[in-house]
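Residue numbering for the sequence shown is 355 to 675, as defined by my numbering.
To keep things clear, I will list the structure first and then write my remarks on it.
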Amino acid sequence: MSRPAPLLPASGSGKPCTSAPGAGTATAAPSDGASSTSTPHARAPAASALTARHGAAPAAAAVAAAVQAARRYQALAPALIERVAAEEVSKARTHDEAVKRVKRRLHQVHGAYAGGLNRPGALAELQMAAADGPAALQEACRRLMRLHASTRERLPVIEHFYGDLFRLTGRPTRLLDLACGLAPLALPWMPLAEGAFYHACDVDGDVIAIVDRFLALWGIAHRAEIRDVTYDRPREHYDVVLLLKAIPCLEQQHRGVGRQLLAALPARHIAVSFPTRSLGGRSKGMGRHYETQLRQMIEGLSLEVAVLSYPLETVYLLSRP
Ligand SMILES: C[S@@+](CC[C@H](N)C(=O)[O-])C[C@H]1O[C@@H](n2cnc3c(N)ncnc32)[C@H](O)[C@@H]1O
355 MSRPAPLLPA
365 SGSGKPCTSA
375 PGAGTATAAP
385 SDGASSTSTP
395 HARAPAASAL
405 TARHGAAPAA
415 AAVAAAVQAA
425 RRYQALAPAL
435 IERVAAEEVS
445 KARTHDEAVK
455 RVKRRLHQVH
465 GAYAGGLNRP
475 GALAELQMAA
485 ADGPAALQEA
495 CRRLMRLHAS
505 TRERLPVIEH
515 FYGDLFRLTG
525 RPTRLLDLAC
535 GLAPLALPWM
545 PLAEGAFYHA
555 CDVDGDVIAI
565 VDRFLALWGI
575 AHRAEIRDVT
585 YDRPREHYDV
595 VLLLKAIPCL
605 EQQHRGVGRQ
615 LLAALPARHI
625 AVSFPTRSLG
635 GRSKGMGRHY
645 ETQLRQMIEG
655 LSLEVAVLSY
665 PLETVYLLSR
675 P
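Now the structure itself:
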């Protein structure tokens, strides 16, 4: 089987993941609260000065440290930052240029989607809504989902999106949501089985803290963890895996990972989706392009395909016979 063609432009193109590259591994879930404000990597400027003076290649560790020290990246999986830094240093002449390249790549991976997310504010909103009961908590979820591009686009069809899917798969008891973003906040609209378990993973610690708090407040058995799924995929069994609007982003980070995941994920059903237009609003044949790529990606994997079409998203339900 030939290697699947990339789903996006080459790494470093400056485009976000709806058409884009690069990432690492992370594990521990944050408990809650504001991002750390510590600045553990004060060595970065010294490394920069050295590089400039001696013309040596920038050091990946110093570049990663400088990026991690920036408030904006503190919630990201450290292994992701380290991996992208290791990939970018060879392409940069100076420390500062390497830092810029890494930040640009990280923006493509996650920053383009949830730029306006305020973690302490979102946690407080969920907590207050929960005190007013499930209906208020559900409304808070609807508001928060507007803050992440992927869930915002899904809101107009949220009432039936998951119902349509689980009518085909059966109500899942064990659900895995990979590169989840804020999608688990749609749980009030998901017809899951009684006593279901929800496993959510993303590289963005802010998103995971919000998801973790919500799932706890809603009262479902769950695990929400910071995890780079390009290099560290869950191995337990699931009824359904959600890989919603994530493959282009993961492929940008590690070419071929889409096929690897689809071949290896231990689930009867995998719901893969793609946007029908870019974040900037252009569609120009995106739907057909992604469908062709997906068909190539699953060639020879013996998966049955069912298609659910929505105005801004197409879902391909891949099922093992
Ligand atoms: C386009 S959004 C999709 C979010 C969600 N699945 C949805 O459809 O609402 C892509 C998500 O992938 C996450 N992501 C990017 N690279 C990742 C990686 N290597 N491992 C885990 N999550 C990743 C980003 O943080 C972002 O939340």
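Glycine included, C-beta positions come from ideal geometry on N, C-alpha and C.
These numbers come from a predicted model, not from an experiment.
Given residue i as reference, the closest of the options once Cα atoms are compared
i    : options                : result
R631 : T668, E605, R622       : T668
G654 : P665, A617, V661       : A617
W572 : K599, P542, L596       : P542
R508 : S673, A578, R674, P665 : P665
A660 : A625, A423, M651       : A625
L615 : A416, H643, L532, E645 : L532
E513 : M651, R589, A540, V561 : A540
A414 : V443, A423, V583       : V443
R506 : P629, Q647, G524, M640 : P629
H553 : C534, D486, E493, R674 : C534
R437 : A424, A416, G641, D450 : A416
G524 : Q606, A418, Y592       : Y592
L657 : A423, A621, A575, R496 : A621
A547 : A537, A575, R567, A570 : A575
K454 : A424, A494, F515       : A424
H608 : G487, Y427, L434, A418 : L434
Q462 : L596, G487, V557       : V557
F551 : D518, H623, R577       : R577
L515 : L460, D566, L596       : Looking at the sequence shown, residue 515 is not Leu but Phe. The candidate whose alpha carbon is nearest that of F515 is L596.
E645 : L672, L619, G634       : L672
V583 : L619, F568, V594       : L619
Opening and closing residue of the beta strand (DSSP E) in which residue i lies
i    : result
E579 : 575–580
A554 : 551–556
I624 : 621–629
Cα-Cα separation between residue i and residue j, rounded to whole angstroms
i    : j    : result
C555 : A503 : 17 Å
Y585 : G612 : 11 Å
L471 : A431 : 17 Å
G549 : R528 : 9 Å
R458 : L491 : 35 Å
P399 : T448 : For P399, the predicted structure reports a pLDDT of 36, less than 50, and the residue's modelled location is therefore unreliable. The matter cannot be settled from this model.
G639 : P602 : 15 Å
E479 : A489 : 14 Å
E579 : I562 : 6 Å
H643 : A485 : 46 Å
V511 : L530 : 21 Å
R581 : D450 : 27 Å
K599 : P412 : 34 Å
V456 : A439 : 6 Å
Y670 : A483 : 34 Å
R426 : G559 : 11 Å
D518 : S663 : 10 Å
I301 : H623 : Outside the displayed range of the chain (355 to 675) lies residue 301, so it cannot be described from this structure.
L648 : E590 : 24 Å
D566 : G475 : 15 Å
C495 : A570 : 13 Å
G610 : A418 : 25 Å
Residue range of the alpha helix (DSSP H) that includes residue i
i    : result
E451 : 449–460
H504 : Going by the sequence as given, residue 504 is Ser instead of His. Segment 503–508, the alpha helix (DSSP H) holding S504.
D518 : 512–523
L571 : 559–572
E441 : 432–442
I601 : 601–607
R496 : 488–499
A537 : Per DSSP, A537 belongs to no alpha helix (DSSP H) and is neither H nor E.
E548 : No alpha helix (DSSP H) holds E548; DSSP gives it neither H nor E.
R426 : Looking at the DSSP string, R426 is not in any alpha helix (DSSP H), and its letter there is neither H nor E.
E479 : 473–485
A617 : 611–618
DSSP beta-bridge partners of residue i
i    : result
D531 : A554, L596
S673 : H623, E658
E645 : Looking at the DSSP assignment, E645 forms no beta bridge with any residue, so it has no partner.
T668 : F628, S663
Burial state of residue i, where buried means 16 or more other Cβ atoms lie within 10 Å
i    : result
M544 : buried
S373 : The predicted model places S373 with a pLDDT of 33, which falls under 50 and marks its position as unreliable, so this point remains unresolved.
A420 : buried
R473 : buried
E605 : buried
P675 : exposed
E441 : buried
S627 : buried
R497 : exposed
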